[in-house]
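Undergrad: Our numbering puts the sequence shown at residues 20 to 801.
Where is the CB? At the ideal position from N, CA and C, for every residue including glycine.
Shown below is the structure under consideration.
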Amino acid sequence: MSEPVPALSSADRERLDEVDELARGEDAVGELIARLSDPKWPVRRAVVAALGQLGDRAVTPLVVSLVSDRTDERRMAATVDALVASVGDPDAALLALDDATPAVLCDIAQVLGRRRSAAAVGTLVAWVAHEDDNVAIAAMEALGRIGGGAGVDALAGAAGSGNVFRTFGAVEVLARCQDPQALAPLVELLRDPLAGGEATRALGRRGLADAVPALTQLLDSHAGARVRSAATALVAIASRFVRQFGTADAIAREVRAAIADPGSTAGELARAAAEGDSEERVAIARVLGWLQDARGAASLVELLVDEPDVARAALTALAELGPTATPFLLAALVAGDSDARILLLSAVPNIPEVGEAVSVCLADPEPDVRRLACELLARAHAVSAVPALFGTLDDPDARVGQAAASAIQALGHDRTEALSLEAAASPSPRVRRAGLRLLGYFGWPSGIDTLIDAARTGPDRLRETALQSLAYVDDPRALAALYAAGVGERASERAGAMRALGNVTPGSETIERISAGMSDPDAWVRYYACQSAGRLGAVGLLDALIERLRDPAAQVRIAVVDALARIPAPAAIRALLDAAADPDPDLRRAAILGLGTSRPPEALAPIAAAASGAEVTTRLVALSALGGFESADVEPILLAAARDADESVHNTAVAVLAGRSGIRATGALVGLLEQASTHQAVVDALATWAPGRIPGMLLALEEADAATTSSLVSALARMDRAEARAALGVVLVMERVALRRAAAAALAAIGAGTSRLQLERSASVDPDPEVRLLARHALAHA
């Protein structure tokens, strides 16, 4: 028994000790039952546990106490708990008391329900019609706890009884029932003026697609409250599908199929939204997106200025509408304020025709709007916007200027060369720097004189930009200018030249210049020279690089390690292995990353040791380095790291496993599904395709428990690949019924795909009625 909690008094602890003593005795039942009314819950809990472990010896006295001693609420509640916890068989004794008082019957129903007693179903079904409402409700709750469709007919009868108390109780239990028979009584109540709202919400909580047609009909009911409730219930079902299968497309298709006039329904939804709360408006936005009708687009644009959650839902819905929504989006973009534009820019499609409207946003007062507009113009291939983008290079926000320059690089234009030369001569340092970068990016010969002049006479930042751009111009004068800068008077000039030489076509003179830079008196010149030696794969500088591992400047040593990782030579690997054991943690981590890049077999052991070391940062680096190794020893290392107490470590281990191919990696991920801290990340990883992922999941499904089956089938459904749908077809014909049900439900959610033949077979001959029903549903909406 665990230690008593510190809040207990010494007298309380004494009573707990006495309970321990009594539990070990032979004739302690009566004394223990007497203590069920102890004023302290920890003591009563200990008594309940002790009586539960006594099994059948305690059953009769507990039943007698439940019936005859009903003066103390604490004692009665504890007696119920003890009967629920009993390792004996109290069910028969309790079922024999069906003539007891209503209060006792309520407690008996609670015990039988919590014990999930299959033997009690018949009696509980009879009690659903008991003359006492409390007994009827307790029986319904018990049937709900037992589950598996127990007593659905009786619950359906209670739902339609006309007794408000029983109707609401039955609806609540039916909402938790996955049996197909639970649908009809709930649908029957949908238009009931009193219970209709609760029945609608119950269908949403139930989360099954079979309710979609009936709920969709309510969208045209001309009653705002019903429309809002139906939309909310439909979205609840869709959300369950997204969690389980990664998509709600099946729900959206069913909604569209059930609607005769999408425009009329869109109008009903828009009117209902005006009086709804934020949750209801979110749901209405989602449903408007499913309709894919232009008449709903205007309503969605209006919702963009609503509360953040509503606006996000409207934005997602507009994106689902596709080209239908584009005119509405562009009109709103031109007329909107900054907040609206930030949302709208993420929904505008990537097509050239949006260029004119999006270019208006380049003058918006909010920098984020201007930046997003630049990025969208690039994605949309809006070439006509290039001149306007040049006007944005002088933006006071550096992120906007960078986004504009990136867009110009991506788009091209017949005036880009002339505009770049003009920018490179601008009096604005920001624009001039951007122009010099563009001249280097495009490598135009017309820019060589401008670049050389800036490299020789410009301020430091412009010189550095010009030097980097010269490396990309195919002209002997550009290389000569870099060589000259490499021996210039200023350290910043020499450093810039060394950095740029790493981007030129390597030649003997270039290697000599870099070699000289590696001995420069300035540490940053040496740093960039070593970095460029590695970038060029300069094997001839290998000895000089290894010598630089003793450089007094830490940044130079780090650059050397990075360079050694790029040079495929035994001496480089030996140097990296030595550096991986260096006392300097930064050098050690850089060497581990380098070994992860070159991946020599002998590097696996030191990297594995680092993956379980004391420093979190080193463990993270080592895990990243392990990803590229093909050895079978890697998965156990990653599996151990995935159980690390540090969140960043175990998340990194899962991410690395997700990127690995083969059945071994899949098996390791499956083994992590039971770990709560990484469960969702593991499901996401399994849903990401990699070679060997699907065969590994099918192998795991053969022995999977219920929870693992659900996660694996969900991952296959979310993978959105033909091979994954085919795999679900394989699961659909496996021996275990739980697997077949899960696969049929998944295929009903995502579409039949290549599994149509298996679905047709299952719809006709599967021995399980639920599988047959789900298979028919999948085929009907394929």
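Specify whether the region 361-381 and the region 395-410 touch according to this definition: at least 3 beta carbon pairs, one from each stretch, less than 8 Å apart.
TA: yes
Undergrad: For Ala765, which residues in the same chain have their Cβ closer than 6 Å to its Cβ, ignoring the five residues on either side in sequence?
TA: The sequence position of residue 765 within the sequence shown is 746, counting from 1. Closer than 6 Å at Cβ, skipping near neighbours: Phe264, Val732, Ala736 and Leu747.
Undergrad: In its own chain, which residues sit with a C-beta less than 6 Å from the C-beta of Gly459, not counting the 5 before and 5 after it?
TA: Within the sequence shown, the letter at position 440 stands for residue 459. By the criterion of a C-beta distance shorter than 6 Å, Gly459 is surrounded in its chain by Ser488 and Tyr491, once the five residues flanking it on both sides are discounted.
Undergrad: If you run the structure through DSSP and keep just helix, strand and coil, what is Met517?
TA: Residue numbering aside, residue 517 sits at position 498 when the sequence shown is read from its first letter. Three-state DSSP puts Met517 in a helix.
Undergrad: To the nearest angstrom, report how far apart Pro109 and Asp75 are at their CA atoms.
TA: Position 90 of the sequence shown, counted from the start, is the residue given in the question as residue 109. Position 56 of the sequence shown, counted from the start, is the residue given in the question as residue 75. Those two C-alpha atoms are separated by around 7 Å.
Undergrad: With burial defined as no fewer than 16 other Cβ atoms inside 10 Å of the residue's Cβ, what is the status of Pro25: buried or exposed?
TA: Translated into the one-based positions of the sequence shown, residue 25 becomes position 6. Here the model assigns Pro25 a pLDDT of 45, short of 50, so the residue's position is not dependable and the matter cannot be decided.
Undergrad: Starting from the C-beta of Arg247, find all residues in its chain whose C-beta is less than 6 Å away, skip the five residues before and the five after it, and write them out in chain order.
TA: Here residue 247 refers to the residue found at position 228 when the sequence shown is read from its first residue. These residues qualify, in order along the chain: Ala291, Gly295 and Glu299.
Undergrad: Does DSSP put Ala633 in a helix, in a strand, or in coil?
TA: As a working note, residue 633 is residue 614 in the sequence shown. The answer is coil: DSSP assigns Ala633 none of H, G, I, E or B.
Undergrad: Which of the three DSSP states is assigned to Glu22 in this structure?
TA: Residue mapping note: residue 22 aligns to position 3 of the sequence shown, counting from 1. At Glu22 the pLDDT is 42, less than 50, meaning the model places this residue with poor confidence; the figure from the coordinates comes in the next sentence. Here Glu22 sits in coil by DSSP.
Undergrad: Rounded to whole angstroms, what's the CA-CA distance from Asn153 to Leu174? Just pull it up for me.
TA: Position 134 of the sequence shown, counted from the first residue, corresponds to residue 153. Position 155 of the sequence shown, counted from the first residue, corresponds to residue 174. The straight-line gap from Cα to Cα measures roughly 15 Å.
Undergrad: Within the region 387-427, note down every full alpha helix (DSSP H) run reaching 4 residues or more, in order along the chain.
TA: 405-409
Undergrad: Between the C-alpha atoms of Pro710 and Ser680, what's the straight-line distance to the nearest angstrom?
TA: Within the sequence shown, numbered from 1, the residue matching residue 710 stands at position 691. Within the sequence shown, numbered from 1, the residue matching residue 680 stands at position 661. Approximately 5 Å, taken between the alpha carbons.
Undergrad: First and last residue of the alpha helix (DSSP H) that includes Ser527?
TA: Locating residue 527 in the sequence shown gives position 508, counting from the first residue. Where Ser527 is concerned, the enclosing alpha helix (DSSP H) stretches over Ser527 to Gly536.
Undergrad: Mind the definition here: the region 54-72 touches the region 91-111 only if three or more C-beta pairs lie below 8 Å; say whether that holds.
TA: Contact between the region 54-72 and the region 91-111 is present, because at least three Cβ pairs lie under 8 Å.
Undergrad: Tell me which same chain residues have a C-beta within less than 7 Å of the C-beta of Ile611, skipping the five on either side of it?
TA: Within the sequence shown, the letter at position 592 stands for residue 611. Cβ neighbours of Ile611 beyond the five flanking positions: Ala599, Ile626, Ala629, Val640, Ala641 and Ala644.
Undergrad: Secondary structure at Ser318, three-state DSSP: helix, strand or coil?
TA: For the purposes of this step, residue 318 is taken as the residue at position 299 of the sequence shown. Note: Ser318 maps to helix in three-state DSSP.
Undergrad: Kindly indicate which residue of Gln72, Met95 and Ser667 has the alpha-carbon position closest to the one of Asp57.
TA: Residue 57 sits at position 38 when you count from the first residue of the sequence shown. Considering only alpha carbons, the answer is Met95.
Undergrad: Is Ala285 near Ile270, with beta carbons less than 7 Å apart?
TA: On the sequence shown, residue 285 is found 266 positions in, with the first residue counted as 1. On the sequence shown, residue 270 is found 251 positions in, with the first residue counted as 1. Not in contact: Ala285 and Ile270 (Cβ atoms no closer than 7 Å).
Undergrad: Put Val544 into one of helix, strand or coil per three-state DSSP.
TA: Locating residue 544 in the sequence shown gives position 525, counting from the first residue. Correct three-state label for Val544: helix.
Undergrad: For Pro786 and Arg54, I'd like the C-alpha separation in whole angstroms.
TA: Working through the sequence shown from its first residue, we reach residue 786 at position 767. Working through the sequence shown from its first residue, we reach residue 54 at position 35. Cα atoms of Pro786 and Arg54: separation of roughly 52 Å, rounded to the nearest angstrom.
Undergrad: What residue range does the alpha helix (DSSP H) around Ser258 cover?
TA: Position 239 of the sequence shown, counted from the start, is the residue given in the question as residue 258. Looking at the DSSP string, the run of the alpha helix (DSSP H) that includes Ser258 is Gly243 to Phe264.
Undergrad: What is the DSSP secondary structure of Val106, reduced to helix, strand or coil?
TA: The count along the sequence shown starts at 1 and reaches residue 106 at position 87. Val106 falls in the coil class under three-state DSSP.
Undergrad: Just the C-alpha distance for Gln804 and Ser730, rounded to the nearest angstrom, thanks.
TA: A query on residue 804 cannot be resolved here, the shown segment of the chain reaching from 20 to 801 and no further.
Undergrad: Once DSSP output is grouped into helix, strand and coil, what is the label at Cys549?
TA: Counting from 1 along the sequence shown, the entry for residue 549 is found at position 530. Correct three-state label for Cys549: helix.
Undergrad: Whole angstroms is fine: what's the gap from Arg224's alpha carbon to Gly615's?
TA: Position 205 of the sequence shown, counted from the start, is the residue given in the question as residue 224. Position 596 of the sequence shown, counted from the start, is the residue given in the question as residue 615. If I take the Cα positions, the gap works out to 49 Å.
Undergrad: Let me check understanding here. Comparing Cα to Cα, which of Thr637, Thr685 and Asp652 lies closest to Val668?
TA: Mapped onto the sequence shown, residue 668 falls at position 649. Nearest option by C-alpha distance: Thr637.
Undergrad: Helix, strand or coil for Leu778 per DSSP?
TA: If you number the sequence shown from 1, residue 778 lands on position 759. Secondary structure of Leu778 (DSSP, three-state): helix.
Undergrad: Going by CA-CA distance only, name the one from Val183, Gly772 and Ala725 that's closest to Arg759.
TA: On the sequence shown, residue 759 is found 740 positions in, with the first residue counted as 1. Nearest C-alpha to Arg759: Ala725.
Undergrad: What residue from Pro384, Asp387, Glu385 and Thr435 has the CA that sits closest to Leu408's CA?
TA: The residue given as residue 408 occupies position 389 in the sequence shown. Selected option, being the one with the closest Cα: Thr435.
Undergrad: Give me, in chain order, the residues of the same chain whose beta-carbon lies closer than 7 Å to that of Leu568; leave out the 5 immediate sequence neighbours on both sides.
TA: Working through the sequence shown from its first residue, we reach residue 568 at position 549. Excluding sequence neighbours, Leu568 sits near Arg576, Val579, Ala594 and Ala598.
Undergrad: Indicate the three-state DSSP secondary structure (helix, strand or coil) for Val580 in the structure shown.
TA: On the sequence shown, position 561 is the one that residue 580 refers to. Helix, per DSSP.
Undergrad: If you run the structure through DSSP and keep just helix, strand and coil, what is Leu208?
TA: Looking up residue 208 in the sequence shown gives position 189. Coil at Leu208, not helix or strand.
Undergrad: Report the option in Thr484, Gly341, Ala422 and Asp468 whose CA atom is closest to the CA atom of Arg452.
TA: The count along the sequence shown starts at 1 and reaches residue 452 at position 433. With distances taken between Cα atoms, Arg452 lies closest to Thr484.
Undergrad: Is the separation between the beta-carbon of Ala333 and that of Leu323 shorter than 7 Å?
TA: Position 314 of the sequence shown, counting from 1, holds the residue named residue 333. Position 304 of the sequence shown, counting from 1, holds the residue named residue 323. Against a cut-off of 7 Å, the Cβ pair of Leu323 and Ala333 comes out as a contact.
Undergrad: Measuring alpha carbon to alpha carbon, tell me which of Arg482, Ser538, Pro540 and Ser29 ends up nearest Ala519.
TA: Taking the first residue of the sequence shown as position 1, residue 519 is located at position 500. With distances taken between Cα atoms, Ala519 lies closest to Arg482.
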